[in-house]
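Chains U and X, in that order, give the protein sequences. 9 is the number of the first residue of the first sequence in the working numbering; add one for each residue after it. 9 is the number of the first residue of the second sequence in the working numbering; add one for each residue after it. Each residue gets a CB set at the ideal place from its N, CA and C atoms; glycine is no exception.
There are 2 protein chains.
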Amino acid sequence: MPQEPTAAAVKERYQAACDLGLDLDMTRGKPCAEQLDLSHDLLAASEGAGYLSQAGADCRNYGILEGLPEARELFGGLLGIPPTQILLGDNASLSLMYDVLSEAVRQGVPGSPRPWGEESRPKILCPAPGYDRHFTVCEFLGLEMIPIEIDENGPDTAAIARLVASDPTVKGIFCVPRYSNPTGATYSDEVVTQLAAMETTAPDFRILWDDAYAFHHLYPDPQPLRSILDECARAGHPDRAFVFASTSKVTFPGAGISMVASSVSGFEWLSEFRSKKTIGPDKLNQLRHVRFLRDGVGLEAHMARHAEIIRPKFELVDQVLCEELGNRGVASWSQPRGGYFISLDTAQGCAKEAVAKAAAAGVKLTPAGATFPYGKDPLDRNIRIAPTFPTLPELRQATEVLALSILLVSFEKGVL
Amino acid sequence: MPQEPTAAAVKERYQAACDLGLDLDMTRGKPCAEQLDLSHDLLAASEGAGYLSQAGADCRNYGILEGLPEARELFGGLLGIPPTQILLGDNASLSLMYDVLSEAVRQGVPGSPRPWGEESRPKILCPAPGYDRHFTVCEFLGLEMIPIEIDENGPDTAAIARLVASDPTVKGIFCVPRYSNPTGATYSDEVVTQLAAMETTAPDFRILWDDAYAFHHLYPDPQPLRSILDECARAGHPDRAFVFASTSKVTFPGAGISMVASSVSGFEWLSEFRSKKTIGPDKLNQLRHVRFLRDGVGLEAHMARHAEIIRPKFELVDQVLCEELGNRGVASWSQPRGGYFISLDTAQGCAKEAVAKAAAAGVKLTPAGATFPYGKDPLDRNIRIAPTFPTLPELRQATEVLALSILLVSFEKGVL
């Protein structure tokens, strides 16, 4: 346990870090090369996997727009969704989210009285801190964002219920329900059930359920997440949810499979616009994934190997933050059980300056504010830490620099 | 040369064909398995190609949204387009076309006074017969289609010039400029230049230039196609064209690379919405394609092998049609020098019935009318023949059945 350092001592250490000429990047949740190596056999499987589907279809040719049946079977099983309600895309589930929202804006979803784009100010609820790319999509598509507070059980359902009950232009909510980006929270059963059951004035309210970290546990015995599709069906709102997932952080972010699922009629709506816009996804890549991941047991073993690589990184960040900032009242941070991020809150009004100071010392972090709609953190305190890509020594250095930057700003702002 | 058959003789042969219980499918322009086998080494290349780009980027990971530089270099070179103006997507260039039009409807393109979707009745000119999937996209996106006649030099530029000069809601034209689907026409230099140079009342008029058969020559010494981007730039309308292409019928329709190009500012517009909607295309597949196709010489040799397989099929169809229908005044058909289709015109009012009769004898063809906007062939005479997928014996049978069906309908309608 270090002694409580003075402002001068912190400044000296920060200056020493600056003099190292570091160039470290913790801006995005990127798997490291060692993780990507785990899927080497996916490449090797390309030839061996051949090109014939179980049913004998030639995966090299046109057709099978919803995705390869055995791949839908595999991922449906893993996500607890009927394979007939799951549609597979190419790399990047973000594209599927964009398409769903873009179509909602242009034509509406089943049950829409008019296209969302024809509402005067269509709105999306955004639990925040949240995923910056969700916010970018909403903003680009002209969907006004309303931030919603989030805690360890998920978003504030009382606030949500009030908003959806009073305003028919509130058209949806964007959720990362498992190991939420960046807080790490997994939505409690109550939160899932309430989101599914609440009454909304908009007849076409939709939950965009980005289950990006469905398989990404850091520890054994993960907390289960209730099925939003089942809960919606049970509550009499079967079409309320679109569920998204991908293999981006299972196999390759640069060559994975994306997926979207919904109710039977939601799937029909998805299939309809997909049938206009594509002659089919990359089926050879789907075939490779099926051969490589095989089944639930195969996937679980694979993800356990990921965890072995990245768990020490999460724990190192926590350890360094404890050493440098523990019990000083200048910051609190999450200790996630899965996912890709640690969420850190400084004292109010310190995040932007701390991130700037870290950058000046050669440590790039996600811009402060990025985890909030419009890039505006109202309390200027949230910093997203992405520990997976750097090596352990780099990560230690980067976290120390971040901690020193926070201490420095805390001294400057009179928090310490 | 067969003797001119009587109606009774034709009926007898048609009945005999029915009795064979055929089940042949010529609905779509699909490569046959032998063609797909030509790209076997693309699969084999997966492991050997590794995952590092020329610049050392890890293609397995996130990033490089516009596509792998060496792949943009390769295809830019092949298409005569600066690599910096070409953007690579995943499988299916149709998705890129859909996205461009969908964004034009929602937000407009550079120079739009308002989104296309906010015009009272935005219109797209559609040279017809043309590609049915283009028409489906336009219809689904609420873009009204105006058919334009097309001959061996391309579409009727006088009619086009009149329409674009008088109506600001005419926002674009959908073209397959090389080995046009289905007529096989390659646009003449004059047509290309006129399309680029004509004055349009819409300040945001766009040419959707689907160069789907850019490399798909059946014979040596192909007719060159003038560069639409160069012509547009020369005419002072640099942003007028979006050019699309793909490797669907070069390597695998089920696992290819799509591409879209435009002017510098058109590329910026493409990049902007793409940057919102994706974290990147499948770069490993791009890397594989570069390793497999290598360069212009590699591609040309590869496409010559395709031609060796499918040229006899085109020639067989022509031969059978000549034998059965030659000089009888009941049909004329194209003798394309590339692409994937033969376009056949019956006498007026006979196509639908002929296609139905062929179907009854077990030969499925693209529905008559599909090659026209809204599926309506005003003269009910165009039939699209897709010769590449069936084997030669199948193709002979299928073409004979089609010819007999046409003869039969011609007798019934009093054309013969």
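- Message: Contact between the region 203–219 of chain X and the region 171–181 of chain X is defined here as three or more beta-carbon pairs at a separation below 8 Å; is this criterion met?
- Response: With the cut-off at 8 Å, the region 203–219 of chain X and the region 171–181 of chain X touch.
- Query: Is the beta carbon of Phe182 (chain X) less than 9 Å from the beta carbon of Gly138 (chain X)?
  - Reply: Your numbering for residue 182 (chain X) matches position 174 in the second sequence. Your numbering for residue 138 (chain X) matches position 130 in the second sequence. Yes. Within cutoff.
- Within the 9 Å Cβ cut-off, does Ala41 (chain X) reach chain U? Counted from its first residue, the second sequence places residue 41 (chain X) at position 33. At least one chain U Cβ lies under 9 Å of Ala41 (chain X).
- Message: What does the alpha-carbon distance come out to for the pair Ser128 (chain X) and Pro39 (chain X)?
- Response: Against the second sequence, residue 128 (chain X) aligns to sequence position 120. Against the second sequence, residue 39 (chain X) aligns to sequence position 31. Here the C-alpha atom of Ser128 (chain X) lies approximately 41 Å from the C-alpha atom of Pro39 (chain X).
- Using a Cβ-Cβ cut-off of 9 Å, state whether Ser413 (chain X) counts as contacting chain U. Along the second sequence, one-based indexing puts residue 413 (chain X) at 405. Cβ-Cβ to chain U under 9 Å: no for Ser413 (chain X).
- Message: What ranges does the alpha helix (DSSP H) occupy inside the region 183–264 of chain U, keeping only unbroken runs of at least 4 residues that lie completely in it?
- Response: Counting only runs of 4 or more, we get 197–205 and 236–242.
- Item | Contacts of Arg114 (chain U) in chain X (Cβ-Cβ under 9 Å) | For this step, residue 114 (chain U) is matched to residue 106 along the first sequence. By Cβ distance, chain X contributes Ser110, Val113, Arg114, Gly125, Leu149 and Gly150.
- Where does the unbroken beta strand (DSSP E) through Lys384 (chain X) begin, and where does it stop? Here residue 384 (chain X) corresponds to residue number 376 of the second sequence, with the count starting at 1. In the DSSP annotation of this structure, Lys384 (chain X) is not part of any beta strand (DSSP E), being labelled neither H nor E.
- Message: Using only the alpha-carbon positions, how far apart do Ala406 (chain X) and Arg21 (chain X) sit?
- Response: As a first step, residue 406 (chain X) must be located in the second sequence, where it is residue number 398. As a first step, residue 21 (chain X) must be located in the second sequence, where it is residue number 13. Computed Cα separation, rounded: 13 Å.
- Since I believe Ala362 (chain X) is in contact with Pro354 (chain X) (beta carbons under 8 Å), could you give me their beta-carbon distance rounded to a whole number of angstroms? Locating residue 354 (chain X) in the second sequence gives position 346, where the first residue counts as 1. Locating residue 362 (chain X) in the second sequence gives position 354, where the first residue counts as 1. At residue 354 (chain X) the sequence reads Thr, which differs from the Pro that was named. Cβ atoms of Thr354 (chain X) and Ala362 (chain X) come within 8 Å of each other, at about 6 Å.
- Query: chain U beta carbons: is any one of them nearer than 9 Å to that of Asp218 (chain X)?
  - Reply: Position 210 of the second sequence, counting from 1, holds the residue named residue 218 (chain X). For Asp218 (chain X), the answer is no, since every Cβ of chain U falls outside 9 Å of its Cβ.
- State yes or no: is the beta carbon of Cys67 (chain U) nearer than 9 Å to at least one beta carbon in chain X? Within the first sequence, numbered from 1, the residue matching residue 67 (chain U) stands at position 59. So, interface residue.
- Message: Measuring only the C-alpha atoms, how far is Leu278 (chain X) from Gln93 (chain X)?
- Response: Here residue 278 (chain X) refers to the residue found at position 270 when the second sequence is read from its first residue. Here residue 93 (chain X) refers to the residue found at position 85 when the second sequence is read from its first residue. Approximately 10 Å, taken between the alpha carbons.
- Item | Boundaries of the alpha helix (DSSP H) in which Ala291 (chain X) is found, first to last residue | Position 283 of the second sequence holds residue 291 (chain X). Sequence inspection shows Lys at residue 291 (chain X); the Ala mentioned does not correspond to that position. According to the DSSP assignment, Lys291 (chain X) belongs to the alpha helix (DSSP H) that extends over Lys291 to Leu301.
- Task: Measure the alpha-carbon distance for Thr201 (chain U) versus Asp290 (chain U) and round it to whole angstroms.
- Result: Position 193 of the first sequence holds residue 201 (chain U). Position 282 of the first sequence holds residue 290 (chain U). Take the alpha-carbon of Thr201 (chain U) and the one of Asp290 (chain U): they are about 35 Å apart.
- Task: Return the chain-ordered list of same chain residues with a C-beta closer than 6 Å to the C-beta of Leu333 (chain X), the five sequence neighbours on each side being excluded.
- Result: For the purposes of this step, residue 333 (chain X) is identified with residue 325 of the second sequence, where counting begins at 1. Ala339 and Ala411, listed in sequence order.
- Message: Measuring CB atoms only, is the region 109–120 of chain U touching the region 323–333 of chain U, in the sense that at least three cross pairs come out at less than 8 Å?
- Response: Because the criterion of three Cβ pairs below 8 Å is not met, the region 109–120 of chain U and the region 323–333 of chain U do not touch.
- Within the region 67–148 of chain X, note down every full beta strand (DSSP E) run reaching 3 residues or more, in order along the chain. Segments of the beta strand (DSSP E) lying fully in the region 67–148 of chain X: 94–97 and 131–136.
- Query: Are there three or more Cβ pairs, one per stretch, closer than 8 Å when the region 298–305 of chain X is compared with the region 215–231 of chain X?
  - Reply: No, because fewer than three Cβ pairs between the region 298–305 of chain X and the region 215–231 of chain X fall closer than 8 Å, the two stretches do not touch.
- Leu87 (chain X) vs Ala309 (chain X) beta-carbon contact at 9 Å: Translated into the one-based positions of the second sequence, residue 87 (chain X) becomes position 79. Translated into the one-based positions of the second sequence, residue 309 (chain X) becomes position 301. Contact: no.
- Pick from X:Leu76, X:Phe83, X:Ala136 and X:Ala15 that is closest to Gln383 (chain X), judged by C-alpha positions: Walking along the second sequence from the start, residue 383 (chain X) turns up at place 375. The amino acid occupying residue 383 (chain X) in the given sequence is Gly; Gln does not appear at that position. Out of X:Leu76, X:Phe83, X:Ala136 and X:Ala15, X:Ala136 has the C-alpha closest to the C-alpha of Gly383 (chain X).
- Message: Less than 9 Å between the beta carbons of Tyr348 (chain X) and Ala394 (chain X), yes or no?
- Response: Along the second sequence, read from residue 1 onward, the residue named residue 348 (chain X) stands at position 340. Along the second sequence, read from residue 1 onward, the residue named residue 394 (chain X) stands at position 386. Contact flag set, yes.
- Item | Residue from X:Arg336, X:Leu373, X:Trp124 and X:Leu400 with nearest C-alpha to Leu415 (chain X) | Your numbering for residue 415 (chain X) matches position 407 in the second sequence. Answer by Cα proximity: X:Arg336.
- Task: Leaving out five residues on either side along the sequence, give the residues of the same chain with a beta carbon under 6 Å from the beta carbon of Ser374 (chain U).
- Result: As a first step, residue 374 (chain U) must be located in the first sequence, where it is residue number 366. Per the sequence presented here, residue 374 (chain U) reads as Thr, with Ser not at that position. Only Thr35 and Arg392 meet the Cβ criterion.
- Would a C-beta distance cut-off of 9 Å place Gly71 (chain X) and Ile287 (chain X) closer than the cut-off? As a position in the second sequence, residue 71 (chain X) is number 63, starting the count at 1. As a position in the second sequence, residue 287 (chain X) is number 279, starting the count at 1. Yes, Cβ-Cβ distance for Gly71 (chain X) and Ile287 (chain X) is below 9 Å.
- Message: Along the chain, where does the beta strand (DSSP E) containing Ile156 (chain X) start, and where does it finish?
- Response: Locating residue 156 (chain X) in the second sequence gives position 148, where the first residue counts as 1. Per DSSP, Ile156 (chain X) belongs to the beta strand (DSSP E) from Glu152 to Asp159.
- Can you check DSSP and say which residues form a bridge with Ile350 (chain U)? Here the question's residue 350 (chain U) lines up with position 342 in the first sequence. DSSP, once it has assigned bridges, lists U:Ile393 as partnering Ile350 (chain U).
- May I ask you to list the residues that DSSP assigns as paired with Leu428 (chain X)? Examination of residue 428 (chain X) is not possible in this model, given that chain X is present from 9 through 424 alone.
- Task: Indicate whether at least one CB of chain X lies closer than 9 Å to the CB of Met9 (chain U).
- Result: Along the first sequence, read from residue 1 onward, the residue named residue 9 (chain U) stands at position 1. Its pLDDT being 46, under 50, Met9 (chain U) is placed unreliably in this model, and the value from its coordinates should be taken loosely. Any Cβ of chain X closer than 9 Å to the Cβ of Met9 (chain U) would place that residue at the interface, and such an atom is absent.
- Task: Note the first and the last residue of the continuous alpha helix (DSSP H) segment covering Asp164 (chain X).
- Result: Within the second sequence, residue 164 (chain X) is the residue found at index 156, counting from 1. First-last for Asp164 (chain X): undefined, no H or E at that position.
- Task: Indicate whether Ser266 (chain X) and Leu104 (chain X) have their beta-carbon atoms separated by less than 9 Å.
- Result: One-based indexing of the second sequence puts residue 266 (chain X) at position 258. One-based indexing of the second sequence puts residue 104 (chain X) at position 96. The answer is yes: Cβ separation under 9 Å.
- Query: With a Cβ-Cβ cutoff of 9 Å, do Ile132 (chain X) and Ala269 (chain X) count as a contact?
  - Reply: Position 124 of the second sequence, counting from 1, holds the residue named residue 132 (chain X). Position 261 of the second sequence, counting from 1, holds the residue named residue 269 (chain X). The answer is no: Cβ separation not under 9 Å.
- Task: Please list, in chain order, all residues of the same chain as Gly29 (chain U) whose beta carbon is under 8 Å from its beta carbon, the five residues on each side excluded.
- Result: Walking along the first sequence from the start, residue 29 (chain U) turns up at place 21. Once the five neighbours on either side are set aside, the close Cβ partners of Gly29 (chain U) are Gly370.
- Query: Taking Cβ-Cβ distances shorter than 8 Å, what residues in chain X pair up with Phe260 (chain U)?
  - Reply: Walking along the first sequence from the start, residue 260 (chain U) turns up at place 252. Neighbours of Phe260 (chain U) on chain X, chain order: Arg68, Asn69 and Leu292.
- Message: List, in chain order, every chain X residue whose beta-carbon is nearer than 7 Å to that of Tyr106 (chain U).
- Response: One-based indexing of the first sequence puts residue 106 (chain U) at position 98. Residues of chain X with a Cβ closer than 7 Å to the Cβ of Tyr106 (chain U) are, in chain order, Lys284 and Lys285.
- Tell me which same chain residues have a C-beta within less than 6 Å of the C-beta of Asp31 (chain X), skipping the five on either side of it? Counting from 1 along the second sequence, the entry for residue 31 (chain X) is found at position 23. Excluding positions up to five away in sequence, the list reads Gly370.
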